[in-house]
Every structure is written in C-alpha cells, then in structure tokens.
Amino acid sequence: MSDGLHLGAGTFVPIEEVQMRASRSGGPGGQHANKTASRIEAIFDVRASQALTPEQQDRICARLGAHVTAVAQDTRGQARNRAIALERLRLRLTDALAPRKSRRATRPGRGARERRLEGKRRQSQRKQLRRKPSDY
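When we follow my numbering, the leftmost residue of the sequence shown carries the number 820, and every step to the right adds one.
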C-alpha cells in the first residue's frame, strides 16, 4: 500500500487522492488509547478523482455515494491501521466497480402463459365433446 490502490482491470488510484484522517480510537486502553491518534479514516472523493473514468465514477457514486470512507481502529499502531483502512477502501471500490450479474428471469413470460391457457382450453373442449348430451 505504498503508492496507491490497485482496483483491478488496469485501474489505479494514487494515494494522493485518498484523504487520511487520524483520531483517537474508542474502547479500552487507558492512557495509551487516550493520548494516541491511532484510528485512521480513509476518505476518497469519487467525483474529484482523476484516476477514474466518468463511467466508473457514476457506477461508484450510484452504489456507495460521492465520498467513500473506510475506518480502521483494530490495532494499537497508526501505521497498521492505515494499511487496514486502505485495504478496506480498496475492497469497497473494487466491489462497487464489479459488474452486477444480470437477473435470470424466473416467471413465465406472457406468451408462455397464453400458450398454456390455450392448451388447457383445447383440452377442456375436447373432453366436453366426449360427454353424453344432456336431455333437459
């Protein structure tokens, strides 16, 4: 994670386009947790990016919004949390750029329904013709 985020398919976001913000992490830890800014928030402004095409920007904005964030406060060290936050950001962006699977139709179409009903009508008519005529 030294020079940027590889999003696959030749897409690369330089680290300069990702804003990093450090703050104190929550949870236990005593004086160390109270004094150390080890929580890292990685923020990526999709619309301001020069690395992404307009189509990629639109796809990410539709799925994640214009500002994509990833937070890490898993470890005590800022450097490790920075690497974790960048990796989480990379995974979110990669997932957003992945093409969605097209929906497979599961209901019968209108034509198939009409053909089925027409076949049922023909079968019903055929069976009615086999009946004895009624003498009312």
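A virtual CB, placed ideally from N, CA and C, is assigned to each residue, including glycine.
Remember, it's a predicted structure, so these values are computed and weren't measured experimentally.
Integer Cβ distance of residue i from residue j, believed to fall under 8 Å
i    : j    : result
A904 : A885 : Wrong, their Cβ atoms sit about 19 Å apart, outside the cutoff.
R907 : A924 : Contact doesn't hold; Cβ gap of about 36 Å is too wide.
L936 : L826 : About 50 Å separates the two Cβ atoms, so there is no contact after all.
S857 : Q897 : 5 Å
Host alpha helix (DSSP H) of residue i (start-end)
i    : result
G823 : G823 -> not in any alpha helix (DSSP H); beta strand (DSSP E) instead, spanning 823-827.
D914 : 897-916
L883 : 873-883
G930 : 929-949
DSSP beta-bridge partners of residue i
i    : result
A841 : I859
T888 : I862
Where the beta strand (DSSP E) containing residue i begins and where it ends
i    : result
T830 : 830-833
Assigned secondary structure, residue i (DSSP; H/G/I helix, E/B strand, else coil)
i    : result
A852 : helix
Counted within 10 angstroms of its Cβ, other Cβ atoms place residue i as buried (16 or more) or exposed
i    : result
I834 : exposed
F831 : exposed
K946 : exposed
V917 : The question names Val, yet the displayed sequence has Ala at residue 917. With fewer than 16 other Cβ atoms within 10 Å, it is exposed.
S953 : exposed
A861 : buried
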